[in-house]
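Structure first, commentary second.
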Amino acid sequence: MSRYRQIVKDGLWDNNMVSGQLLAMCPAMAVTATATNGLGMGLASTVVLVAANILVSSIRHLVPSAVRIPIFIVLIATLVTLVDMALNAWLHDLYKVLGLFIALIVVNCGILGRSESFASKSTVAESTVDGLAMGLGFTFALIAIGGVRELLGSGSLFAQAHLLLGPAFAFLEMKFFDGGALLMILPPGGFIVLGFLLAAKRVWESRRSARASVTQATSAA
Amino acid sequence: MSEPMTLERLRPTIPYQAAALAVTVMLASAALSFAERHTRGPIEQAIAEDTRRSLGEVLPQGSYDNDPGSDRLDARDGNVPVVVHIARKAGVPTAVVLETAAKGYSGEIGLVVGIDREGRVTGVRITRHTETPGLGDKVEVAKSEWVHDFAGRDLSNPAPAKWAVKKDGGVFDQFAGATITPRAVVGAVKRSLELYRREHEAWFARRDAP
């Protein structure tokens with residue numbers, strides 16, 4: 002059981018796709034001008050990540066290591082294209098909101114990273130949990146970046162959330178002030194916010210481990 | 019987990035690796051072509067439905083009794099291909115909808131412009147764009163009221179020189195931080211009106227007397 006707890010903890014925090022592995026920067030920077038966009042990108046990636054992990058882990062004994070990368074890339078690209086076509090055909094309204102994100106998932110090296118470093122060496126059950134935890138951790142990171150950029154850049158939070166989640170979620174939309182720092186919405190804002198968030202996480206973790214070692218030292222004495 | 023010994027022996031051999039890659043690609047292609055065959059119809063239908071809905075939004079209700087979505091002809095505005103949809107009541111043209119495009123800040127903006135017989139704008143809708151979320155995307159009707167400003171205008175209201183965003187000395191609002199997107203849309207609407215004035219008689223003649 003503790004194995005699964007470790008997997009979840011890795012995905013959500015310790016080894017978070019954005020703040021731990023620094024993977025998937027391209028989609029993370031491209032869509033996080035608002036928190037809602039971050040949420041949409043995160044959820045769409047999670048679905049593909051879980052599916053890719055299950056697929057890769059269930060054929061892991063058949064795949065020769067010399068050609069594993071091209072095989073994984075073909076599988077992931079196929080999966081994304083299938084999701085893209087199915088959404089466009091049968092959930093067209095959702096597709097109009099998410100379509101932009103789905104095309105960007107193909108360039109999400111985080112998914113290939115999980116196939117390569119986890120799913121190809123782990124059981125199907127573990128890979129499913131890993132995909133879910135990594136995906137939710139990714140979603141969480143994108144919402145954090147998107148939220149800060151949106152708040153500073155346009156003075157709102159979760160703007161247009163009802164277009165993504167349905168009218169029931171209109172309560173999420175908050176407006177604090179008009180205008181804001183344009184820079185935060187433009188691409189440089191993404192890099193600036195990511196840098197500050199990474200630094201904040203580092204500081205928080207080193208403070209915590211410093212405190213833990215102090216407690217250990219006093220209890221030992 | 020243990021695995022069969024034969025697989026372990028096979029995996030390092032070149033023929034097995036080539037076969038594995040080939041089988042993967044074959045299965046992927048099969049899955050894609052199967053999915054493509056089954057989704058093509060619904061996708062085309064959904065896109066046609068989108069077009070019909072946006073045509074309905076830019077035309078005054080009750081001003082037509084045909085299906086402007088299928089009553090169409092192709093025109094050109096400079097090097098921009100324009101699709102002309104004609105709305106008719108009892109066979110007589112009452113308005114047109116031009117499907118056209120403008121060059122935005124980050125790629126092409128697709129829009130439909132409804133124009134009545136007198137050359138007045140009945141409505142404008144953006145059908146597709148890739149403008150910056152939170153900035154240029156205020157041209158979408160779902161995100162801002164901005165496009166409604168075009169309704170009822172024509173080439174004399176405002177005067178041609180005033181058909182521009184305020185920053186360029188015109189009458190149309192720009193958005194804080196985004197001038198290029200609204201400038202592109204205003205330009206495209208103006209060009210559509212000019213195209214209508216130049217060519218509408220030819221369009222109506224072509225279908226009026228089949």
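So the protein lines, in turn, are chains A and B.
Just so we're aligned, residue 2 is where the first sequence starts under my numbering, counting upward by one.
Just so we're aligned, residue 19 is where the second sequence starts under my numbering, counting upward by one.
Built from N, CA and C at the ideal position, the CB exists for glycine as well.
8 Å Cβ cutoff, T140(A) in contact with chain B
no
Using a Cβ-Cβ cut-off of 8 Å, state whether T129(A) counts as contacting chain B.
no
Can you list, in chain order, the residues of its chain with a C-beta nearer than 7 Å to that of A145(A)? Leave out the 5 residues immediately preceding and following it.
L198
Neighbourhood of L76(A) by C-beta, 7 Å cutoff - its chain only, sequence neighbours within 5 removed:
A53, L56, V57
Please name the residues in the stretch 149 to 177 of chain A whose beta-carbon is closer than 8 Å to at least one beta-carbon of chain B, in chain order.
E151, G154, S155, A160, Q161, L164
Beta carbons nearer than 8 Å to chain B: which residues of the stretch 30 to 49 of chain A have them?
V32, A34, T35, N38
Cβ-based burial, A90(A) [other Cβ within 10 Å; buried from 16]:
buried
When the Cα of V9(A) is compared with those of V149(A), G180(A), T129(A), V125(A), which residue comes out closest?
T129(A)
Would Y5(A) be called buried (16 or more neighbouring beta carbons within 10 Å of its own) or exposed?
exposed
When every heavy atom of the ligand FMN is checked, does at least one fall within less than 7 Å of the C-beta of K122(A)?
With respect to the ligand FMN, the structure shown offers nothing to examine, as it has no ligands at all.
At what residues does the beta strand (DSSP E) containing R4(A) begin and finish?
First-last for R4(A): 3 to 10, but that is the alpha helix (DSSP H), not the beta strand (DSSP E).
Using DSSP's beta-bridge definition, name the partner residues of A113(B).
Partner(s): A105(B), D134(B).
If V108(A) and P28(A) are in contact, beta carbons under 8 Å, what's the gap, nearest whole angstrom?
7 Å
Return no unless some Cβ of chain A is closer than 8 Å to the Cβ of G122(B).
At least 8 Å separates the CB of G122(B) from every CB of chain A.
Under 7 Å Cβ-Cβ, which residues of chain A neighbour R29(B)?
P65
Any idea if M185(A) is buried or exposed, counting beta-carbon neighbours within 10 angstroms, 16 or more meaning buried?
buried
Are the Cβ atoms of G12(A) and M135(A) separated by less than 8 Å?
yes
Going along the chain, which residues of its own chain have a beta-carbon closer than 7 Å to the beta-carbon of T118(B), five neighbours each way excluded?
D95, V98, V100, L129, V131, A206, S210
Short of 7 Å Cβ to Cβ, which residues in the stretch 50 to 70 of chain B face chain A?
L50, A53, E54, T57, P60, I61, A64
Cβ neighbours of A169(B) in the same chain (closer than 8 Å, five flanking residues each side left out)
The beta carbon of A169(B) sits closer than 8 Å to those of V139, T140, G141, V142, all from its chain and outside the five residues before and after it, given in chain order.
Within 8 Å of any Cβ in chain B, is that where the Cβ of V108(A) sits?
Not closer than 8 Å to any Cβ of chain B, the Cβ of V108(A) fails to qualify, so no.
Rounded Cβ spacing between K156(B) and W181(B) (contact assumed at less than 8 Å)
19 Å between Cβ atoms; not a contact.
So which of D89(B), K185(B), R71(B), R171(B) has the shortest CA-CA distance to T145(B)?
R71(B)
R143(B) by DSSP, collapsed to three states: which one?
strand
I'd like to know whether the C-beta of V43(B) is nearer than 8 Å to at least one C-beta of chain A.
Yes - at least one Cβ of chain A is within 8 Å of the one on V43(B).
Could you pull out every residue in the same chain whose Cβ sits closer than 6 Å to the Cβ of A120(A), ignoring the five residues on either side in sequence?
N54, V57, S58, S128
Alpha carbons only, please: which of F102(A), E206(A), A200(A) is nearest the one belonging to T37(A)?
F102(A)
From R29(B) to F73(A), what distance separates their C-alpha atoms?
16 Å
Residue-level contact to chain B via CB, M135(A), 8 Å cutoff
With 8 Å as the cut-off, M135(A) does not count as an interface residue toward chain B.
Just to make sure I have the definition right: I need the residues of chain B whose C-beta is within less than 7 Å of the C-beta of V51(A). Which are they?
Chain B residues near V51(A): none, gap ~18 Å exceeds 7 Å.
Roughly how many angstroms separate the alpha carbons of S47(B) and G132(A), rounded to a whole number?
25 Å
Taking only three categories from DSSP, how would you classify N97(B)?
coil
Chain B contact for A120(A) (CB, 8 Å cutoff):
no
From M86(A), L95(A), V68(A), pick the residue whose C-alpha is nearest to that of A49(B); which is it?
Among M86(A), L95(A), V68(A), the Cα nearest to that of A49(B) belongs to M86(A).
How big is the Cα-Cα spacing for A126(A) and G80(B)?
59 Å
For chain A, is any of its Cβ atoms less than 8 Å away from the one on M19(B)?
Any reading at M19(B) is ruled out, since the residue's pLDDT is 46, under 50, leaving its predicted position unreliable.
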